[in-house]
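Have a look at the structure below, then the notes.
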Amino acid sequence: MCVHASLRARSHVWNADTVTTPPGLRERKKQATREALREAALRLAVERGPDQVRVEDIAEAAGVSPRTYNNYFASREQAIVSAVTADREARIAAAVAARPAGVRLADAVTEAVVEQYTNTGEREHQALLLVTTQTALRDAFLNTTADIEPPLTAVIAERLGDAGAHTARVLAASVAAAVRIALEGWLRPAGKAEAAGSFGAGGLVVASGSLPDQLGAALAPLAPAFDAAERRTQP
Numbered sequence: 019m020c021v022h023a024s025l026r027a028r029s030h031v032w033n034a035d036t037v038t039t040p041p042g043l044r045e046r047k048k049q050a051t052r053e054a055l056r057e058a059a060l061r062l063a064v065e066r067g068p069d070q071v072r073v074e075d076i077a078e079a080a081g082v083s084p085r086t087y088n089n090y091f092a093s094r095e096q097a098i099v100s101a102v103t104a105d106r107e108a109r110i111a112a113a114v115a116a117r118p119a120g121v122r123l124a125d126a127v128t129e130a131v132v133e134q135y136t137n138t139g140e141r142e143h144q145a146l147l148l149v150t151t152q153t154a155l156r157d158a159f160l161n162t163t164a165d166i167e168p169p170l171t172a173v174i175a176e177r178l179g180d181a182g183a184h185t186a187r188v189l190a191a192s193v194a195a196a197v198r199i200a201l202e203g204w205l206r207p208a209g210k211a212e213a214a215g216s217f218g219a220g221g222l223v224v225a226s227g228s229l230p231d232q233l234g235a236a237l238a239p240l241a242p243a244f245d246a247a248e249r250r251t252q253p
């Protein structure tokens, strides 16, 4: 099976709300509910400020019960952040798979990550602005980097072959960690950027420097490992 076909087949597994191919009515309703909650959370947070939004408010705006809300998100921060991070992990993996086979794997991964984290629309831009106002939102945003690992593992394993399954997982986990480190460097507590251990402190956070540069620098040390893994698969 080619990379693109395999990726399409697996994309339904990566999304927790999608378990059939194509999705049935129940799965489409779940996806629509998740999307409605995302949109309501972001809209209310922009209108009122994140501190003035309750889970009950988001649920009511989306036309569901608070109990239903809790089936999709663990907090208001998670729902707000989801408006900018929705399905990003699958898009990163799809972008890697779409690169021609002759493209160096390290370059394909770096380009895909930078593209998906920096090409944002108006909705994503609004969510990112909110992320800089609260450490709770920042932490929720950073935690989403772990979602990169499963789909990226699948596409790297496809590129390396069956013998590279363990290596693919290590590489994908390393990419997720590198992205988190880059975002931590980009979103720093205001006035505390140089203080040791200050990242966990409260207060306003600010975007620092170029995000593409931060991502590229964080991923660069992984290039030799990607190159070595590719060499082992060559005849």
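Going letter by letter, the sequence shown gives residues 19 to 253 in our numbering.
Ideal Cβ positions, reconstructed from N, Cα and C, are used throughout, including at glycine.
- Message: If I measure Cβ to Cβ from Asp160 and keep anything under 7 Å in the same chain, skipping five residues before and after, which residues do I get?
- Response: Checking the sequence, you will find Leu at residue 160 rather than Asp. Leaving aside the five residues that flank Leu160 on each side, the residues in its chain whose CB is nearer than 7 Å to its CB run, in chain order, Arg198, Leu201 and Glu202.
- Ends of the alpha helix (DSSP H) at Gln203? In the sequence as displayed, the identity of residue 203 is Gly instead of Gln. Start and end: Ala183 to Trp204.
- Item | CA nearest to the CA of Ala243, picked from Trp204, Ala235, Ser192 and Gln232 | Ranked by Cα distance from Ala243, the first of Trp204, Ala235, Ser192 and Gln232 is Ser192.
- Query: Under the rule that 16 or more other beta-carbon atoms within 10 Å means buried, what is Arg239, buried or exposed?
  - Reply: Sequence inspection shows Pro at residue 239; the Arg mentioned does not correspond to that position. Exposed, because fewer than 16 other Cβ atoms sit within 10 Å of the Cβ of Pro239.
- Query: Under the rule that 16 or more other beta-carbon atoms within 10 Å means buried, what is Val121, buried or exposed?
  - Reply: Around the beta carbon of Val121, a 10 Å sphere encloses fewer than 16 other beta carbons of the protein chains shown; the residue is thus reported as exposed.
- Is the stretch 69–84 in contact with the stretch 104–122, if contact means three or more CB pairs nearer than 8 Å? Not touching, per the Cβ criterion.
- Query: Roughly how many whole angstroms lie between the Cα atoms of Ala190 and Ile166?
  - Reply: Ile166 has its alpha-carbon roughly 7 Å from the corresponding atom of Ala190.
- Delimiting residues of the alpha helix (DSSP H) encompassing Asn161: In the DSSP assignment, Asn161 falls within the unbroken alpha helix (DSSP H) covering Thr153 to Asn161.
- Message: Check for me: the alpha helix (DSSP H) holding Tyr90 runs from which residue to which?
- Response: Unbroken run through Tyr90: none, as it is neither H nor E.
- Message: Quick check on Gln256: does DSSP put it in helix, strand or coil?
- Response: In the structure displayed, the chain extends from 19 to 253; residue 256 sits before or after that span and is not available.
- Item | Given 8 Å, three or more beta-carbon pairs between the stretch 88–108 and the stretch 142–159 | Note that the stretch 88–108 touches the stretch 142–159; at least 3 beta-carbon pairs, one per stretch, sit closer than 8 Å.
- Query: Roughly how many angstroms lie between the CA atoms of Arg52 and Glu176, to the nearest whole one?
  - Reply: Distance from the CA of Arg52 to the CA of Glu176, rounded to the nearest whole angstrom, comes to 30 Å.
- Query: If we call anything under 8 Å between Cβ atoms a contact, is Ala154 one with Glu57?
  - Reply: Cβ atoms of Ala154 and Glu57: not closer than 8 Å.
- Query: Is the Cβ-Cβ distance between Thr128 and Leu237 less than 8 Å?
  - Reply: Going by C-beta atoms, Thr128 is nearer than 8 Å to Leu237.
- Message: Could you tell me the alpha carbon to alpha carbon distance between Arg141 and Val64, rounded to whole angstroms?
- Response: Computed Cα separation, rounded: 10 Å.
- Taking all protein chains shown into account, decide if Cys20 is buried (16 or more other Cβ within 10 angstroms of its Cβ) or exposed. With a pLDDT of 45 at Cys20, under the threshold of 50, the modelled position of that residue is not reliable, and the figure given next carries that caveat. Exposed, because fewer than 16 other Cβ atoms sit within 10 Å of the Cβ of Cys20.
- Task: Please classify Ala54: does DSSP put it in a helix, a strand, or coil?
- Result: In the structure shown, Ala54 sits in a helix (DSSP, three-state: H, G or I).
- Environment of Gln152 [buried if 16+ CB atoms lie within 10 Å]: With 16 or more other Cβ atoms within 10 Å, it is buried.
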